[in-house]
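Enquirer: Here the sequence shown is numbered in UniProt numbering, starting from 1 and rising by one per residue.
Idealized CB from N, CA, C, for every residue including glycine.
Have a look at this one.
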Amino acid sequence: MICFCRKFRDLDSVVLTPVFFRGCVQNSLERFFGEIGGGTTLEIIKFSAEQRRVVFRVPQEFYERTRAALTLIGYYQEVPCHFCVLRSSKTPLDFKKDGENENCEEL
Numbered sequence: 001m002i003c004f005c006r007k008f009r010d011l012d013s014v015v016l017t018p019v020f021f022r023g024c025v026q027n028s029l030e031r032f033f034g035e036i037g038g039g040t041t042l043e044i045i046k047f048s049a050e051q052r053r054v055v056f057r058v059p060q061e062f063y064e065r066t067r068a069a070l071t072l073i074g075y076y077q078e079v080p081c082h083f084c085v086l087r088s089s090k091t092p093l094d095f096k097k098d099g100e101n102e103n104c105e106e107l
């Protein structure tokens with residue numbers, strides 16, 4: 001699982017939804033890693049538009065590709081942005097220890 005904080009130059013002009021976030025990441029994976037990258041399974045576990053945070057699961061064999069693709073994303077809905085990895089873990093329990101994601105909506 002990986003948790004991301006999105007930073008936008010103009011937050012008011014973007015629509016933050018799990019579907020758009022997932023599509024943005026999938027497009028980046030496909031752009032940089034071709035069909036294999038585009039076929040990566042991304043399962044969103046928690047999403048908070050207010051905190052601009054997403055917790056999602058990706059198969060371990062695609063972890064490095066996914067992290068690289070996120071780093072290379074420069075735009076979200078035509079707005080300059082930056083994705084920041086807050087934490088990553090092989091188990092979901094690590095995210096629940098400190099209550100950091102209490103305001104995230106379970107999906």
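Could you give the DSSP three-state label for E50: helix, strand or coil?
Expert: Position 50 of the sequence shown, counting from 1, holds the residue named residue 50. Coil.
Enquirer: Do E30 and G38 come within 7 Å of each other at the CB atom, strictly closer than that value?
Expert: Residue mapping note: residue 38 aligns to position 38 of the sequence shown, counting from 1. Residue mapping note: residue 30 aligns to position 30 of the sequence shown, counting from 1. Closer than 7 Å, so yes.
Enquirer: Between V79 and I45, what straight-line distance do the alpha-carbon atoms span, to the nearest angstrom?
Expert: The sequence position of residue 79 within the sequence shown is 79, counting from 1. The sequence position of residue 45 within the sequence shown is 45, counting from 1. So the alpha carbons of these two residues sit roughly 25 Å apart.
Enquirer: As a quick exercise: from R52, S28 and T40, pick the residue whose alpha carbon is nearest that of R9.
Expert: For this step, residue 9 is matched to residue 9 along the sequence shown. Residue R52 is the option with its Cα nearest to R9.
Enquirer: Give the range of the beta strand (DSSP E) segment to which L72 is assigned.
Expert: By 1-based counting over the sequence shown, the position of residue 72 is 72. Where L72 is concerned, there is no enclosing beta strand (DSSP E), although the alpha helix (DSSP H) it sits in stretches over Y63 to L72.
Enquirer: Where do the N-terminal and C-terminal ends of the beta strand (DSSP E) with R87 fall, by residue?
Expert: Locating residue 87 in the sequence shown gives position 87, counting from the first residue. Taken as a continuous stretch (DSSP letters only), the beta strand (DSSP E) holding R87 covers V79 to S88.
Enquirer: Run through DSSP, which three-state label would R31 get?
Expert: Position 31 of the sequence shown, counted from the start, is the residue given in the question as residue 31. Looking at R31 - three-state DSSP - the assignment turns out to be helix.
Enquirer: What is the DSSP secondary structure of V55, reduced to helix, strand or coil?
Expert: Counted from its first residue, the sequence shown places residue 55 at position 55. Three-state DSSP puts V55 in a strand.
Enquirer: Taking just the CA atoms, how far does F33 sit from T91?
Expert: Numbered from 1 along the sequence shown, position 91 holds the residue referred to as residue 91. Numbered from 1 along the sequence shown, position 33 holds the residue referred to as residue 33. Their backbone Cα atoms lie some 26 Å apart in a straight line.
Enquirer: Is Y76 buried or exposed, if buried means 16 or more other CB atoms sit within 10 Å of its CB?
Expert: As a first step, residue 76 is located in the sequence shown; it is residue number 76 there, counting from the start. The residue is buried, with at least 16 neighbouring Cβ atoms inside 10 Å.
Enquirer: Which residues share a DSSP beta bridge with I44?
Expert: Your numbering for residue 44 matches position 44 in the sequence shown. In DSSP, I44 forms a bridge with F56.
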